[in-house]
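Asks:
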Amino acid sequence: MTTYTNEQVAHLVEGSLDWDTTFRMLSMPKDNSRFEQYLAALQAKVSFKERIVLPLGPHLYIVQNAHKQWVTQCDCGHAFGDYRENWKLHAALYVRDTEEAMTEVYPKLMAPDTQWQVYREYYCPSCGTMHDVEAPTPWYPVIHDFEPDIEAFYKDWVGLPVPERAD
1 MTTYTNEQVA HLVEGSLDWD TTFRMLSMPK DNSRFEQYLA ALQAKVSFKE RIVLPLGPHL
61 YIVQNAHKQW VTQCDCGHAF GDYRENWKLH AALYVRDTEE AMTEVYPKLM APDTQWQVYR
121 EYYCPSCGTM HDVEAPTPWY PVIHDFEPDI EAFYKDWVGL PVPERAD
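Going by the working numbering, the sequence shown opens with residue 1, and the numbers climb by one from there.
1) Taking the alpha helix (DSSP H) that D20 belongs to, which residues open and close that run?
2) Going by other Cβ atoms of all chains shown within 10 Å of its Cβ, with 16 needed for buried, is L17 buried or exposed?
3) Going by beta-carbon coordinates alone, are Y94 and E121 separated by less than 8 angstroms?
4) Let me check understanding here. Comparing Cα to Cα, which of A152, K30, A91 lies closest to S126?
5) Would a C-beta distance cut-off of 8 angstroms place Q73 and A66 closer than the cut-off?
6) Measuring CB to CB, does Q37 end up less than 8 angstroms from N86?
7) Just verifying my parser: in three-state terms, what is the DSSP assignment at L160?
8) Is the CB-CB distance between A166 and Q8 below 8 angstroms?
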């Protein structure tokens with residue numbers, strides 16, 4: 001099993017690692033400290049002081065706040081609420097539900113029929129970062145992507161102590 005430096009993992013997170021090393025790093029079995037290195041690289045990249053528990057996307061995390069609660073939070077520090085709730089219900093939302101709005105994304109006559117499909121774009125209300133896009137039928141409810149089992153992930157997958165949490 002190959003081990004990598006904190007600097008290499010940080011370059012991977014930033015997208016500046018050379019392709020050969022990136023390919024080896026992603027395709028080979030992970031060393032035991034990789035997740036901790038990954039969290040450290042993410043933590044160094046953000047300006048907030050809350051501890052990152054689990055990344056959800058490029059700019060979205062589950063963090064442990066000052067009250068030991070786990071919340072979903074953006075890069076900018078905006079908290080969307082408890083990690084078990086659907087963070088999208090607290091996001092700024094733009095729905096592409098007209099032909100005009102769809103032609104901003106697709107060439108004319110290539111867009112989906114908005115009677116059958118719309119785009120829902122979810123943004124951070126504080127900084128404007130787009131966190132997700134859904135393409136459901138217009139009447140479909142907001143999709144809750146998943147609720148991670150953080151305890152099992154830490155104990156069974158990465159073999160680390162579960163971060164403290166107040167309930």
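Note that CB positions come from ideal geometry on N, CA and C, so glycine has one too.
Replies: According to the structure shown:
1) 19 to 27
2) Burial is judged here by how many other beta carbons sit within 10 angstroms of a residue's own beta carbon; L17 has at least 16 and is buried.
3) yes
4) A91
5) Not a contact, by the Cβ cut-off of 8 angstroms.
6) no
7) coil
8) no
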